[in-house]
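Residue numbers (this note's numbering): 7 to 632.
In what follows, a single structure is set out as structure tokens and then discussed.
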Ligand code: ADP
Ligand code: MG
């Protein structure tokens, strides 16, 4: 074929224009793209050779060679992969067949107006060579073709390109970049090596460069004819599990996490099916200082076919697993995938679901087989995992089993399963109380009747607990019931005699309750007799559907307005202090003092604050000195 001049497809011109005009700030990515193409070409050869081993000719070792020529001002990326026929060169390098291209173009147009720097994060393909080159020559021969069937493709990256037939002995492709004026910085072994290290270290093929040596006469470094591999050439996660040692997994974790502690656990899998990917995921042993920053991006790196795409690809993990570190390598995503496209991709959704399940399995395994380790994990990350109760309804049941609490039986480590196993005959609900501190929770008056009857109550003291409870209503068919909400109904746990006794006490105390209601009309929406209390005179509860006092306090601390609902005061008629109310005749000022004191104390006992502490002190003093 004689030399032919052909015109680029319109979209290619558009891409060329955008790429060369908006990528100055991130020029070095051209090498990532070209090395990635070289690696793809080798993958394709490997695949075609499955049916036709003759395609390997006499060069079965697939590799990429990167070299430069200072005098000619060129960089050459050579591979011995599949190569291109003349038709392929024309269509692959002159038109765009990629499905995502239109989206990509729209994105690029949009982003350019916003922030040109962002574009560098996207894959931009072969044409990115024109960021640094004012002419690109491609010399190629397809595997299996005769040497006279080689092709030279050449373009200045504006409107058109040329193709002609050449004779080329070697199979595969040379991409030769003729550098633009001012781009000489790339004519450096060190520079090229460092870019390869940054983006292409995990390419599973060897990337070779010429060794340098010090020339005494010239007094400078000169390139030798000896080549050496400059990348690790085999990404850890691409190797079969059986070939990777525990020490190697640990070492890799350190590299990607900058964590000096060993990880708590890791999982490594190749997932096949509708979407194909490899995941190597780690749970750290210690929480990072910024664990609570929900805006912080995740710790999972995204690779596409072993090419590094981006750090902290948050779309790959739910927010409540933001502490997970690792690598996900997809076989399906396009190299030019952006964060925005990730959010919408169905493949990514499948990867996120699959990876979430893997992490949960890993945690279940630790919880089951290494209880001490799990306890440590729980102290570090438990509160974050609780966020999952609202965030990940699909996995809520599995997550609920991973939760650990303090209870009136043990200070830590109580699971719902443990609790359910200890439930009393006739007990229908899982009881809990929320409070600011464990000590506060433990001394809540509301627990008294449960203690007396030997019923376990979970003590919830994490800030996130109230939020979690707004998403979690039951475990294994057993409703979660606050001991500080609604009337206490122990159901079958109370015998008939007890119920009758309680009813009689309430009846007898009715007149006092009425007087209390009047005295406390501005503070309590109701006053009633309770069976909840054993040793305390009174306690504060809220209606079933109302916000707990604890949550109202948290919101107030966070500077958010909480609804100003009034609580209910429950009194214990058997208590000496409450009995003194009976002794105060109608109209006696002491009755009012006592009523206010009983209310204030109930408020204090559950960790609340008094609106007027001085008035409380005066009342107590009047009573003490009376
Ligand atoms: P992508 O790699 O996403 O397909 P590129 O713009 O990087 O897009 O490359 C366009 C096409 O050119 C590739 O799909 C491939 O068919 C062809 N190509 C590029 N570089 C090579 C190479 N070194 N060897 C063989 N074919 C190549
Ligand atoms: Mg490419």
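Glycine included, each C-beta is placed from N, C-alpha and C at the ideal position.
All values derive from a computational prediction rather than experimental measurement.
In the three-state scheme derived from DSSP, where H, G and I count as helix and E and B as strand, residue 396 is classed as helix.
Excluding its 5 nearest sequence neighbours in each direction, residue 450 has C-beta neighbours in its own chain below 8 Å: 439, 441, 489, 490, 545, 611, 612, listed in chain order. In this chain, the beta strand (DSSP E) harbouring residue 217 covers 213 to 221. Annotation: the continuous beta strand (DSSP E) that includes residue 544 extends over 544 to 547. Each of 43, 131 has a C-beta closer than 5 Å to some heavy atom of the ligand MG; these make up the full list, in chain order. Counting only runs of 3 or more residues that sit fully inside the stretch 502 to 552, the beta strand (DSSP E) segments are 532 to 535, 544 to 547, in chain order. Closest option to residue 603, judged by alpha-carbon separation, among 593, 591, 586: 586. The way I'd put it, the stretch 73 to 82 does touch the stretch 180 to 198; three or more beta-carbon pairs between them come closer than 8 Å. Exposure of residue 432 is indicated by the presence of fewer than 16 other C-beta atoms within 10 angstroms of its C-beta. Per the Cβ contact rule, the stretch 32 to 40 is in contact with the stretch 132 to 144 (3 or more Cβ pairs under 8 Å). Judged by DSSP in its simplified three-state form, residue 454 adopts helix.
For residue 605, the uninterrupted alpha helix (DSSP H) run begins and ends at 595 to 611, by DSSP. With a beta-carbon spacing of about 6 Å, residue 331 and residue 262 fall inside the 8 Å limit used to define contacts. Here residue 214 has 69, 70, 71, 72, 233, 234, 235, 236 as same chain residues with Cβ atoms under 8 Å from its own Cβ, once five neighbours each way along the sequence are excluded. In the structure shown, the three-state DSSP call for residue 167 is strand.
Following the DSSP letters along the chain, one finds residue 159 inside the beta strand (DSSP E) bounded by residues 156 to 161.
Beta-bridge partners assigned by DSSP to residue 83: 72, 181. For residue 477 and residue 98, the gap between their C-alpha atoms comes out near 53 Å. Taking one beta carbon from each stretch, the stretch 455 to 470 and the stretch 507 to 521 have fewer than 3 pairs nearer than 8 Å; the two do not touch. With a cutoff of 7 Å on beta-carbon distance, residue 143 and residue 160 are scored as near each other. Counting along the chain, the unbroken beta strand (DSSP E) around residue 233 starts and ends at 226 to 235. DSSP, read as helix, strand or coil, puts residue 32 in helix. For the 7 Å CB-CB criterion, residue 43 and residue 65 do not form a contact. When Cβ pairs closer than 8 Å are counted between the two stretches, the stretch 568 to 583 is seen to touch the stretch 539 to 557, the count reaching three or more. Assigned with DSSP and collapsed to three states, residue 411 falls in strand. Proximity of the beta carbon of residue 47 to the ligand ADP is indicated: a heavy atom of the ligand is located closer than 6 Å. Put simply, the backbone Cα of residue 508 is about 13 Å away from that of residue 493.
Rounded to whole angstroms, the separation of the alpha carbons of residue 341 and residue 21 is 15 Å.
Boundaries around residue 94 are those of the alpha helix (DSSP H), 92 to 100, since no beta strand (DSSP E) includes it. Going by DSSP, residue 305 is part of the beta strand (DSSP E) stretching over 305 to 310. When DSSP states are grouped into helix, strand and coil, residue 331 belongs to the strand group.
Residue nearest to residue 207 within the set 313, 12, 437, 566 is 313 (criterion: CA-CA distance). In terms of Cβ geometry, residue 380 and residue 389 do not form a close pair [threshold 7 Å]. According to the DSSP assignment, residue 271 belongs to the beta strand (DSSP E) that extends over 271 to 277. Excluding five sequence positions before and after residue 95, the CB atoms of its chain that fall closer than 7 Å to its own CB belong to 144, 146, 157, 159, 169, given in chain order. Secondary structure at residue 39: helix, using DSSP grouped into helix, strand and coil.
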